[in-house]
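2 protein chains.
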Amino acid sequence: MAKQMTEMLKGTLEGIVLAVLNGSPAYGYEITARLRDTGFADIAEGTIYAILVRIEQKGLVSIEKRPSEKGPPRKVYALNTAGEAYLAEFWTTWSFLSERLEQLRDGKA
Amino acid sequence: MAKQMTEMLKGTLEGIVLAVLNGSPAYGYEITARLRDTGFADIAEGTIYAILVRIEQKGLVSIEKRPSEKGPPRKVYALNTAGEAYLAEFWTTWSFLSERLEQLRDGKA
DNA sequence: ACCGGTACTCAGTGTTACTATCTACCAGTA
DNA sequence: TACTGGTAGATAGTAACACTGAGTACCGGT
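Those sequence lines, one after another, are chains A and B. Read left to right, the first sequence gives residues 22 to 130 (my numbering). Read left to right, the second sequence gives residues 22 to 130 (my numbering).
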């Protein structure tokens with residue numbers, strides 16, 4: 022992946038995953054596929070799983086195991102209340118940063 | 022500083038500094054002050070200097086030493102051609118990420 | 001002589017995403 | 001039976017980044 026993108030994803034990718042889950046619960050492999058469709062073509066699978074472990078340990082999601090017809094059982098992640106609060110905070114932070122950057126791009130700083 | 026902000030700045034703060042320099046050359050202490058005025062209230066001074074060293078080593082800026090009336094000599098950083106190219110690339114990456122995130126926020130993914 | 005503001009430097013730390021590899025389950029095919 | 005490919009998840013090691021906290025140095029004013 023482009024190095025700039027890699028670094029820029031730090032701090033946002035976790036929020037991106039939470040935002041995807043906010044739409045509807047999903048499991049890791051599915052999330053990876055959705056992100057690929059959304060344009061994040063080369064986000065490594067391992068990266069997503071690492072994030073899922075992290076947000077689980079932070080207590081932002083609830084987990085349900087479901088058997089799959091096509092492979093090993095899936096771990097379906099769903100945002101809980103804490104996760105929603107965290108996501109809201111993420112959007113606030115993002116908005117702040119985004120506004121500042123647009124200002125900078127327009128040469129107003 | 023808020024932890025989310027700290028993580029989100031990774032990969033963008035370097036671009037922010039370059040964008041500030043794109044307006045007009047500046048020295049470290051001045052950049053820190055400008056960023057504080059712009060709303061980035063609690064970005065550590067040491068962080069800015071570390072970035073300046075980095076972009077110097079990457080060859081994105083030219084440096085001129087000037088005596089100061091109020092303290093030790095200033096190192097004035099100015100964007101060079103490579104720096105402008107790098108900054109342009111940064112904006113491209115930023116735009117891509119920004120668009121995807123706005124889509125996600127609107128629930129279109 | 002001292003203090004505060006200016007200006008820069010540096011070692012050590014925690015967090016993050018990536019790479020590469022591994023395990024495991026199942027369906028289809030030779 | 002053996003083998004391949006797609007699905008699904010886990011993990012150790014690495015590089016890059018921003019922060020913390022401390023330090024050095026220069027100068028003007030009291």
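No residue lacks a Cβ here, since even glycine has one placed at the ideal position from N, Cα and C. Predicted model only: the values in this text are computed from it and were never measured.
Return helix, strand or coil for residue i, following the three-state DSSP convention.
| i | result |
| --- | --- |
| L81 (chain A) | coil |
| K24 (chain A) | helix |
| A47 (chain A) | strand |
Could you round the C-beta distance between residue i and residue j to whole angstroms and report it? I think they count as a contact, below 8 Å.
| i | j | result |
| --- | --- | --- |
| A125 (chain A) | I37 (chain B) | Looking at the sequence provided, one finds Leu at residue 125 (chain A) rather than Ala. Indeed they touch by this definition, with Cβ atoms about 6 Å apart. |
| A54 (chain B) | V97 (chain B) | That pair is no contact at about 14 Å. |
| G32 (chain A) | M29 (chain B) | 4 Å |
| T114 (chain B) | A65 (chain A) | Not quite, the Cβ-Cβ distance comes to about 18 Å (not below 8 Å), so this is no contact. |
| F111 (chain B) | L34 (chain B) | Not a contact, Cβ separation roughly 11 Å. |
Residue i: beta carbon under 8 Å from a heavy atom of the ligand NAD?
| i | result |
| --- | --- |
| V38 (chain B) | This structure lacks the ligand NAD; in fact it carries no ligand of any kind. |
Using 9 Å as the limit for Cβ to Cβ distance, is residue i near chain B?
| i | result |
| --- | --- |
| G80 (chain A) | no |
| R126 (chain A) | yes |
| T53 (chain A) | no |
| A65 (chain A) | no |
| K31 (chain A) | yes |
| A40 (chain A) | yes |
| A106 (chain A) | no |
Report yes if the CB atom of residue i is closer than 9 Å to the CB atom of residue j, and no otherwise.
| i | j | result |
| --- | --- | --- |
| G80 (chain A) | A99 (chain A) | no |
| L42 (chain A) | V82 (chain A) | yes |
| R121 (chain B) | G49 (chain A) | no |
Say whether chain A places a C-beta atom closer than 9 Å to the C-beta of residue i.
| i | result |
| --- | --- |
| T27 (chain B) | yes |
| E110 (chain B) | yes |
| L73 (chain B) | no |
| R14 (chain B) | Residue 14 (chain B) lies beyond the stretch modelled for chain B, which goes from 22 to 130, so this question has no answer here. |
| I37 (chain B) | yes |
| T114 (chain B) | yes |
| L100 (chain B) | no |
| A103 (chain B) | no |
Specify, as a first and last residue, the run of the alpha helix (DSSP H) that residue i falls within.
| i | result |
| --- | --- |
| A62 (chain A) | Per DSSP, A62 (chain A) belongs to no alpha helix (DSSP H) and is neither H nor E. |
| T102 (chain A) | 102-126 |
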